[in-house]
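Here's the structure we're looking at; comments come further down.
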Amino acid sequence: LLYTNYKLIQYYSILIFIIHYILNSYDHYVIIMIWILLLILFKGINAHSWLDCLSHSSEVAGAYGYYNDWVYNAANVQGVCDGYPRNYSPRNEVLTNEINTKELLYSEMNNLDTPLCIDQTRDSYNDIFRMLHASPGDEIYFGYTENGHLSKTFEGVDTTIKIYYKPDQQEISTVRDFDSFEIAGEISFDDGNKCGEPTYSDGRLNGRSGKPCLASFIVPDLCPGIYSFIWYWNSKSLGAYYSCFDVEVL
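The opening residue of the sequence shown carries number 4 in this note's numbering; numbering runs sequentially from there.
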């Protein structure tokens, strides 16, 4: 219930704030605090999954620590990965969910002009959150969190992640690009190691490891240059979620 009504909580709390402000209520600062607390309280419940880390080392990509350490102490591990998605926001930032969640609704998939990656550009890389450099044949490990989609909502059970790329070195811009995509890897969303949050919503243990999920793909046999890739997860009913990243092939 909390998961599905997060947006309503946002909208109604904003509406309450506006009404109190219009009426020039003396306690409108209290309403502001309530609104902020609601956003913080329900933020994690509305979170989706995205690519967090790309590395030549499985220990780096998947062994940041236990789930809560990786999510809430992300400042301690910034820059340790060999590569990141475009415009990446670490998990300790307030707006990480809003910035990193890229959703493609099922209703949008049939529209070839639906934008992809347009707000995740190559110029967003920096010295900390950098573009991945790799050679053909390299095995690249990537880390992500299931964010409750295996341990609580089960949206990720029996679903897959696909790593697509454009072999022509052109950037990804719309759903039409799926016609030219090639696949570098296809992996179960459940990584086989019982990754994810260790408890159900009611706090009972669910048998999961409490660690982030880990998988890998092989860099295709490509000529040197910069290639556009996309981490693409098709959930059961929510739609598809994706992260855009680039690989400079050496």
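Every residue gets a Cβ at the ideal spot worked out from N, C-alpha and C, and that includes glycine.
Reducing DSSP to helix, strand and coil, say where residue i ends up.
i: Thr163; result: strand
i: Ile261; result: A question about residue 261 goes unanswered here, because the residues of the chain that appear run from 4 up to 253.
i: Phe220; result: strand
i: Ser61; result: helix
i: Ile178; result: A quick correction: the sequence has Val, not Ile, at residue 178. In the structure shown, Val178 sits in a helix (DSSP, three-state: H, G or I).
i: Ser52; result: coil
i: Gly68; result: For Gly68, the predicted structure reports a pLDDT of 49, less than 50, and the residue's modelled location is therefore unreliable. A value from the coordinates is still provided. Reduced to three states, the DSSP call for Gly68 is coil.
i: Tyr168; result: strand
i: Thr202; result: strand
Any C-beta of chain C sitting closer than 8 Å to the C-beta of residue i?
i: Asp171; result: In the structure shown, chain C cannot be found, because there is only a single protein chain.
How would you call residue i, buried or exposed, if buried means at least 16 neighbouring beta carbons within 10 angstroms?
i: Cys198; result: buried
i: Cys120; result: buried
i: Ile190; result: buried
i: Cys84; result: buried
i: Glu200; result: buried
i: Phe145; result: buried
i: Val222; result: buried
i: Pro93; result: buried
i: Phe157; result: exposed
i: Tyr109; result: exposed
i: Arg207; result: exposed
Under 8 Å between the Cβ atoms of residue i and residue j?
i: Ile148; j: Cys56; result: The sequence as given places Thr at residue 148; Ile does not occur at that position. No, the Cβ-Cβ distance between Thr148 and Cys56 is not below 8 Å.
i: Thr124; j: Arg179; result: no
i: Ser2; j: Asn150; result: In this structure the chain extends from 4 to 253, so residue 2 is not present and cannot be described.
i: Leu135; j: Phe248; result: yes
i: Ser231; j: Ile175; result: yes
i: Asn209; j: Ser154; result: yes
i: Glu251; j: Ile229; result: yes
i: Pro139; j: Leu54; result: no
i: Ser183; j: Lys165; result: no
i: Ile143; j: Gly82; result: no
i: Leu253; j: Ala137; result: yes
i: Thr117; j: Thr177; result: yes
Go to residue i, then tell me how far its beta strand (DSSP E) extends in each direction, as first and last residue.
i: Tyr109; result: First-last for Tyr109: undefined, no H or E at that position.
i: Val254; result: Missing from the structure shown is residue 254; the chain here goes from 4 to 253 and no further.
i: Tyr128; result: First-last for Tyr128: undefined, no H or E at that position.
i: Tyr235; result: 228 to 237
i: Leu135; result: 135 to 137
i: Tyr144; result: 142 to 147
i: Val250; result: 243 to 252
i: Ile190; result: 185 to 191
Three or more C-beta pairs under 8 Å: does that hold for the stretch 155 to 172 against the stretch 103 to 111? no
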